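Trainee: Counting with mature numbering (1 follows the signal peptide of the UniProt record, and there is no 0), you get residues -20 to -1, 1 to 505 for the letters of the sequence shown.
Supplied in structure tokens, the structure appears directly below.
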Amino acid sequence: MARFLFVACTLLLVSAVARAGIVKYTFNVSEMKIRRLCQERTIVTVNGLFPGPTINAREGDAVVIRVVNQHGIFQLLSGWADGPSYVTQCPIRPGNSYTYRFKIVGQEGTLWWHAHVSFLRATVHGALIILPRAGTKAYPFPKPYREVPSFSVREWWNANVVDVEDEALTTGRSANISDAFTINGSPGDLYPCSSDHTFKLAVLPGKTYLLRIINSALNSQLFFKIAGHSLTVVAIDAAYTTPYRTEVVVLAPGQTIDALLAADAPPACYYMAANAYDSLQIVPFDNTTTTGILYYASAGLPSNLTGLLYKGTPPVPLQVDERMFITIGMNLVPCDHGGAGCLGPFGEKFAASMNNVSFQLPSKMSLLQAHFSGVPGIYTLDFPDRPPAAFDYSNRELQKNLELLQTAKATRVKRLKYNSTMEIAHPVHLHGFNFFVLAQGFGNYDPAEAEKLFNLVHPQVRNTIAVPVAGWAVIRFVANNPGVWVMHCHLDTHLPYGLATVFLVENGPTAASTLPPPPKDLPRC
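Have a look at this one:
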């Protein structure tokens, strides 16, 4: 059985807990047989569920999850529970267990958890729903008639997903595209043998429902729409936002949206659908559509966003201590074993990089263990603040320039002083912190022009952001969470290629701002 681990996939704070409880779960990881698209195959699941079990908690609760053989939550002073393999811990070996302990403070809404080894995230994932703290006002928007547990949209492969990744890494080619998309594990009736595998949602006329939509896909940014209805978005990545109405939402892998649905259409049956957005048409992608059905109970079944300023919202930091400009690219590296069996472009294999550094995970111990124990030789502190060469980053013709395509593997991290304010152009998904999205755009990034667009009053608060091909984004966050935190692409096919880097945040001056020692049951490599 493959080694893998559970990951709480977002961000979490610690503070005084008033009227808080302790929420406990046990996750048993095992294989199960499932039939989809006319085929039966074995997948890895948690507690025999696909998607996996939902974690329900309130803001202020302490969460304890015992994972047997197995991000997110803002793991302030609980970095040992963040989960990425070889970053904060080693994978949990078959037959062993590890208990994740963390507190949820400062976040309300929808997050999710998932495996953080190989492509196992394809089936090992589930929702994490954070309700308002007990005894407080429920929501900063009208109370819905009902809360729909969650919508998880993602890919489905007929092949074993571990084999899909292994083949890509062995041959040097990109990973095979998925065979279908699913809504809550069901492909929908546009796929073969799937009429009985269609997600269905019953509603009552005149009622309002709160939908929690999660893009748990590995590699696909997805559009989602319900025919004949509009959605009012009220939260993103477990952060409230100024409500806005839209016909279609688009989510990058890892992003979540909470939206109100008014059942105000004529009673009937309506399709809901999700399909992929592709900004680089030369790359093959899954162009199929998954469907579900919204039906009114009386009808029967057929055969730049802005944030919401509310009490407790932290202000945007105006003074910046460090700035980074990070370029993201697909690259090539020499094939292993003299190129035998290598099928990538120009006789090499695919890699990916940030500032032309293709991140290499360690294998002897996790980065957090090496940092905490002062073990040398595991990483270096020289990740560059800027790319090594300046050129027209949005010129697609340059992808034919072999010199610019070359990169090198290394474990280079960026050290940050505690409580320093970071501003980064061109991020993706960041563990350990929420960040403010100051501006986004297309073309080459110009700091002076971008600053004119900065929203410093009520910007989005997120932990994942989509940066399209030839586009850019600027984020800002305060490094007030000591530990080792990975920033990576949330397209899983790019992560093993090296599209990641790590921030090492130093301890603060007090015990409350110092990383505690590791738990006794921390997995060993």
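Think of the CB as a built atom: it goes at the ideal place given N, C-alpha and C, for glycine as much as any other residue.
Bear in mind the structure is a predicted one, so any value in this text is a computation, not a measurement.
DSSP on Ser343, reduced to helix/strand/coil?
Mentor: Locating residue 343 in the sequence shown gives position 363, where the first residue counts as 1. Reduced to three states, the DSSP call for Ser343 is coil.
Trainee: Between Phe204 and Gly354, what straight-line distance do the alpha-carbon atoms span, to the nearest angstrom?
Mentor: Walking along the sequence shown from the start, residue 204 turns up at place 224. Walking along the sequence shown from the start, residue 354 turns up at place 374. Roughly 47 Å between the two C-alpha positions.
Trainee: Whose C-beta lies closer than 7 Å to the C-beta of Leu475 among residues of the same chain, with five residues either side of it excluded?
Mentor: In the sequence shown, the residue the question calls residue 475 occupies position 495. Correct list, in chain order: His468, Cys469.
Trainee: Which same chain residues end up closer than 6 Å to Glu88 when comparing Cβ atoms and leaving out the 5 residues on each side of it in sequence?
Mentor: Within the sequence shown, numbered from 1, the residue matching residue 88 stands at position 108. Counting only Cβ-Cβ distances below 6 Å, and skipping sequence neighbours, we find Glu39, Ile110, Pro112.
Trainee: Since Gly106 contacts Ile35 with CB under 8 Å, what's their CB separation in whole angstroms?
Mentor: Here residue 106 is taken as the residue at index 126 of the sequence shown, counted from 1. Here residue 35 is taken as the residue at index 55 of the sequence shown, counted from 1. Rounded, the Cβ-Cβ distance is 7 Å, consistent with contact.
Trainee: Check the DSSP bridge columns for Lys432 and list the partner residues they point to.
Mentor: Position 452 of the sequence shown holds residue 432. In DSSP, Lys432 forms no bridge with anything.
Trainee: Jot down the residue ranges of each uninterrupted beta strand (DSSP E) in the region 333 to 417, minimum 3 residues, whole runs only, in chain order.
Mentor: 337 to 339, 388 to 390, 394 to 396, 400 to 405
Trainee: Inspect the beta-carbon positions of Ile193 and Ala239 and report whether they are closer than 9 Å.
Mentor: Against the sequence shown, residue 193 aligns to sequence position 213. Against the sequence shown, residue 239 aligns to sequence position 259. Yes; because the gap between Cβ atoms is below 9 Å, this pair is in contact.
Trainee: Alpha carbon to alpha carbon, how far is residue 512 from Pro496?
Mentor: Shown here, the chain extends from -20 to 505; a query on residue 512 therefore has no answer.
Trainee: Cβ of Gln87 less than 9 Å from any chain C Cβ?
Mentor: The chain labelled as chain C is not found in the depicted structure, where only one protein chain is given.
Trainee: Let me know the secondary structure DSSP gives Asp238 once reduced to three states.
Mentor: As a position in the sequence shown, residue 238 is number 258, starting the count at 1. Of the three classes helix, strand and coil, the one that applies to Asp238 here is strand, per DSSP.
Trainee: May I ask you to report which of helix, strand or coil DSSP gives Gly59?
Mentor: Your numbering for residue 59 matches position 79 in the sequence shown. In this structure, Gly59 counts as helix in the three-state DSSP scheme.
Trainee: For Phe352, collect the residues of the same chain with a Cβ closer than 8 Å to its Cβ; drop the 5 residues on either side in sequence, then sort them by chain order.
Mentor: In the sequence shown, the residue the question calls residue 352 occupies position 372. For Phe352, where only same-chain residues beyond five positions count, the Cβ hits under 8 Å are Leu495, Pro497, Pro498.
Trainee: Go ahead and label Ala369 buried or exposed: buried means 16 or more other beta carbons lie within 10 angstroms of its beta carbon, across all protein chains shown.
Mentor: Sequence index remark: in the sequence shown, residue 369 carries index 389 (1-based). It is exposed - the Cβ of Ala369 has fewer than 16 other Cβ atoms within 10 Å.
Trainee: Kindly confirm or deny that the region 323 to 333 and the region 456 to 468 touch, where touching means at least three C-beta pairs closer than 8 Å.
Mentor: no
Trainee: Using only the alpha-carbon positions, how far apart do Thr226 and Trp92 sit?
Mentor: Taking the sequence shown and counting its residues from 1, one reaches residue 226 at position 246. Taking the sequence shown and counting its residues from 1, one reaches residue 92 at position 112. Roughly 23 Å separates the two Cα atoms.
Trainee: Tell me the DSSP secondary structure of Ser153 in three-state form.
Mentor: For the purposes of this step, residue 153 is taken as the residue at position 173 of the sequence shown. Going by the sequence as given, residue 153 is Arg instead of Ser. Arg153 falls in the coil class under three-state DSSP.
Trainee: Please classify Glu145: does DSSP put it in a helix, a strand, or coil?
Mentor: For the purposes of this step, residue 145 is taken as the residue at position 165 of the sequence shown. Helix at Glu145.
Trainee: Contact check, Val133 vs Ala254 under 8 Å by CB: the rounded distance?
Mentor: Within the sequence shown, the letter at position 153 stands for residue 133. Within the sequence shown, the letter at position 274 stands for residue 254. For Val133 against Ala254, the beta-carbon gap comes to about 5 Å, under 8 Å, which counts as contact.
Trainee: Please classify Val337: is it buried, with 16 or more other beta-carbons within 10 angstroms of its beta-carbon, or exposed?
Mentor: Here residue 337 refers to the residue found at position 357 of the sequence shown. By the 10 Å Cβ count, Val337 comes out buried.
Trainee: Can the beta-carbon of Ala453 be found less than 9 Å from the beta-carbon of Ala491?
Mentor: If you number the sequence shown from 1, residue 453 lands on position 473. If you number the sequence shown from 1, residue 491 lands on position 511. Taking 9 Å as the Cβ cut-off, Ala453 and Ala491 do not qualify as a contacting pair.
Trainee: What residues in its chain sit with their C-beta under 6 Å from that of Lys389, if we drop five residues either side in the sequence?
Mentor: What you label residue 389 is simply residue 409 of the sequence shown in a count that begins at 1. Cβ neighbours of Lys389 beyond the five flanking positions: Ser338, Gln340.
Trainee: The beta strand (DSSP E) that contains Pro223, what's its start and end?
Mentor: For this step, residue 223 is matched to residue 243 along the sequence shown. Residues 219 to 226.
Trainee: Evaluate contact between the region 167 to 175 and the region 183 to 199, counting only Cβ atoms and requiring at least three cross-stretch pairs below 8 Å.
Mentor: Proximity of the region 167 to 175 to the region 183 to 199 falls short of the contact definition, fewer than three beta-carbon pairs being nearer than 8 Å.
Trainee: Under a three-way DSSP split, which group does Arg113 fall into?
Mentor: Locating residue 113 in the sequence shown gives position 133, counting from the first residue. Here Arg113 sits in coil by DSSP.
Trainee: Can you tell me whether Phe371 is buried or exposed, with buried defined as 16 or more other CB within 10 angstroms of its CB?
Mentor: Along the sequence shown, one-based indexing puts residue 371 at 391. Classification for Phe371: exposed.
Trainee: Taking the beta carbon of Gln299 as the centre, do at least 16 other beta carbons fall within 10 Å, making it buried, or is it exposed?
Mentor: Within the sequence shown, the letter at position 319 stands for residue 299. Answer is exposed; the Cβ neighbour count stays below 16.
Trainee: Give the DSSP-derived three-state secondary structure of residue 536 in the structure shown.
Mentor: Outside the shown range of the chain, which is -20 to 505, sits residue 536, and nothing can be said about it.
Trainee: Look up Gly21 in the DSSP assignment and say whether it is helix, strand or coil.
Mentor: Along the sequence shown, one-based indexing puts residue 21 at 41. For the record, residue 21 in the displayed sequence is Arg; it is not Gly. In this structure, Arg21 counts as strand in the three-state DSSP scheme.
Trainee: Just how far apart, CA to CA, sit Pro246 and His177?
Mentor: As a position in the sequence shown, residue 246 is number 266, starting the count at 1. As a position in the sequence shown, residue 177 is number 197, starting the count at 1. Taking the CA atoms as reference points, Pro246 sits about 26 Å from His177.
Trainee: To the nearest angstrom, how far is the alpha carbon of Leu433 from that of Pro364?
Mentor: Counting from one through the sequence shown, the residue named residue 433 turns up at place 453. Counting from one through the sequence shown, the residue named residue 364 turns up at place 384. Approximately 26 Å between the Cα atoms of the pair.
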